[in-house]
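Okay, structure first, notes after.
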Amino acid sequence: MNKNLYNYILGVADNSLILGQRLGELCGHGPSLETDIALTNISLDLLGQVRGYYQYAAKILGGNASEDTIAFIRKERDYKNVLLVEQPNTDFAYVIARQFLFDVYHVLFLDQLQHSRDLTLSAIAKKSLKEALYHKRFSSDWIKRLGDGTDESHSRIQNAMNDLWVFTNELFQLTEADKEMLNEGIGVDVTQLKADYYNQLNDVLNEATIEIPEVKFFQKGGKEGVHTEHMGYILAEMQYMQRAYPNMEW
Amino acid sequence: MSENQIKNLEAEFEAKISRDEKIEPKDWMPEKYRQTHIRQISQHAHSEIVGMLPEGNWITRAPSLRRKVALLAKVQDEAGHGLYLYSACETLGISRDELYEQLHTGKAKYSSIFNYPTLTWADMGAIGWLVDGAAIINQVPLCNTSYGPYARAMVRVCKEESFHQRQGFEIMMKLAQGTPEQKEMAQDALNRWWWPSLMMLGPTDDASVHTEQSMKWKLKRKTNDELRQQFIDQTVPQADLIGLTIPDFDLKWNEERGHYDFGPINWDEFWQVVKGHGPCNKERLAARKGAWERGEWVRDAAMAYAEKQADRKEKQVV
Ligand SMILES: [Fe+2]
Ligand SMILES: [Fe+2]
Ligand SMILES: [Fe+2]
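Protein sequence lines, in the order shown, are assigned to chains P and E.
According to numbering that gives the first Met the number 0, the first sequence holds residues 0 to 249 in order.
According to numbering that gives the first Met the number 0, the second sequence holds residues 0 to 317 in order.
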């Protein structure tokens, strides 16, 4: 089994899983029917991507592994998503800020991953890229609406941005699996995406009249399985059925 | 307008309906027709969006990725149904905000079935199978109703509802064929959802107020009791097929009638829930109101931004 490839796939897919799960919490509770539908769409896209990645990972793992054993019955320390995506739906501004900070990265990342030497990953990336571009447009538009909307929306989105900015740097850290896969021409060198990422953020935030947060210390750990306290609760909910009724088909 | 003129308009209006032609938003219509349609269409729209809540309750806990995606998509469909129906209702000269207001103040009703709790995963099966199933029976005749925008909305809605029903039945079937624990979960869900689903088809004919007028306007084509019988006749064999038991000791096939006989429905419970005292009435309304209130600053921001953008465009032109 190619352990590095397996870990690499999880590193990519877990972000989509946990963000998709977070967005799923909002379904039926959005500020309008239209935004409710749009956020659910994003969640559906992300979870669709996850299934593709995990099905591939399950094949690599072999035995009884399936997309569901990978999604639902790992320990917290084995989830490799970045801290950003596990942050809670504090209010709509946090939801949008989190989405935007992820989407800009996601597009840059998939744009590279589509050239992977691994044909399965490249195919998933191509398909996902189209979706991610749409997500990015949605979240950027809302960043502008909230930033340049009312005083209240401005201060809420500014707050959310200030709080979530500390999680951005982690996106550009290379794990062991990343380095291995990079050497094999399979993975993406995320360090190369960083400048472009912050430039794009600057442009949108400027237009939205949102100040760029000044952050000296960034948070990290998710990629190594060291999460925030939120993660345990996400998993408790998400894994509930598989834990309470193990080894059954649904 | 003279009385005679109005009489003529009314006669023409009725004739149009009996010729099976659609009434369109710009057509003249009696005030009562307008009000009745606002009431029914908005009630239906509200049911779609309140109906998102009991199933939304299981999205984060769905047992597999496939099921999670399917459930999300289903609940999203219901939001879409809400959208079409609110739009249809708006053509009658009332705004979506006013309609929400009526929901939030309790002036407008929604289907009582959504005031029951979803306690296990099997409830996702039971709701799709029974609740969407009963909704289809209620709604298919509406695809030919007299008001054009409503009829067209219903054509789209019904297509998706039958998909939901099959999906729900498939969830139940999988459980019924699963482990003893899964089968028990399925049976328990059927036990809890069966009677409320029968009530969904409305009070018995002698207790139903609107029927006659509604028949004339093709808001209704069959009576509640006929629809209920149809639902039972259709559903009992499906339960048999997957080895679940309908929780009604009086249920048996009546050769003579060509229908199933069934036991008495607890209408006291029905009226209790309609009047706001079901297990989840408070939670459902609070969830809708909460989402609306928490969303206010967001909607304000979108509006303010759109105005600023329009201003900027105008200045550019000048
Ligand atoms: Fe419906
Ligand atoms: Fe619906
Ligand atoms: Fe439905």
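Think of the CB as a built atom: it goes at the ideal place given N, C-alpha and C, for glycine as much as any other residue.
Per the C-alpha coordinates, the member of E/R65, E/L102, E/E47 and E/S110 positioned closest to E/L82 is E/E47. With fewer than 16 neighbouring CB atoms inside 10 Å of its own CB, E/K25 falls in the exposed class. Burial is judged here by how many other beta carbons sit within 10 angstroms of a residue's own beta carbon; P/E130 has at least 16 and is buried. Selection E/A69, E/Q42 and E/V49 evaluated against P/L43 yields E/A69 as nearest (Cα-Cα). Cβ contact annotation for E/Q186 (same chain, cutoff 7 Å, sequence separation greater than five): L243 and T244, in chain order.
Comparing C-alpha distances from P/K222 to each of P/L4, P/G10 and P/M0 shows the shortest one belongs to P/G10. One finds T59 in chain E with Cβ atoms closer than 7 Å to the Cβ of P/Q20, taken in chain order. In terms of side-chain proximity, the C-beta atom of E/H36 is found no nearer than 6 Å to any non-hydrogen atom of ligand 2. By the Cβ neighbour-count rule, E/I40 is buried, with 16 or more other Cβ atoms within 10 Å of its own. In the DSSP assignment, E/D260 falls within the unbroken beta strand (DSSP E) covering H258 to D260. Taking C-alpha positions only, E/G262 is separated from E/M199 by approximately 16 Å. Environment of ligand 3, chain-ordered: E/D131, E/E160 and E/H163, taking every residue with Cβ within less than 5 Å of a heavy atom. Within the same chain, G184 and I185 come within 6 Å of P/R116 by CB-CB distance, once the 5 residues on both sides are set aside. Inclusion of P/W164 and P/I95 in the CB contact set at 7 Å is not warranted, their separation being larger than that value. The beta carbon of E/H80 sits closer than 6 Å to at least one heavy atom of ligand 2. Counting only Cβ-Cβ distances below 8 Å, P/R50 has contacts in chain E at L64, R65 and V68, in chain order.
Take the alpha-carbon of E/Q166 and the one of E/W120: they are about 13 Å apart. Contact note: P/E24 reaches chain E through T59, using a C-beta cutoff of 7 Å and chain order. If you look at E/W252, you'll find it in the beta strand (DSSP E) that goes K251 to N253. The alpha-carbon separation between P/H229 and E/A188 amounts to approximately 32 Å.
In summary, P/K143 is buried, with 16 or more beta-carbon neighbours lying within 10 Å of its beta-carbon over all protein chains present. Secondary structure at E/I93: coil, using DSSP grouped into helix, strand and coil. Secondary structure at P/Y78: coil, using DSSP grouped into helix, strand and coil. Relative to ligand 2, E/E47 has its C-beta within less than 6 Å of a heavy atom. Taking C-alpha positions only, E/G79 is separated from E/D239 by approximately 33 Å. One finds P62 and S63 in chain E with Cβ atoms closer than 9 Å to the Cβ of P/Q241, taken in chain order. At least one heavy atom of ligand 2 falls within 6 Å of the beta-carbon of E/E77. Rounded to the nearest angstrom, the gap between the Cα atoms of P/G23 and E/T59 is 6 Å. The Cβ of P/D147 sits closer than 7 Å to at least one Cβ of chain E.
Between the alpha carbons of E/Y149 and E/C88 lies a distance of about 8 Å. Between P/S121 and P/Q111, the CB-CB gap reaches or exceeds 7 Å. For E/F230, the enclosing alpha helix (DSSP H) starts and ends at N223 to L240. One thing to note: E/P53 has its Cβ no nearer than 7 Å to the Cβ of E/T104. For E/W192, the enclosing alpha helix (DSSP H) has its first and last residue at P179 to M199.
Chain-ordered, the chain P residues with CB closer than 8 Å to the CB of E/I48 read G27 and L32.
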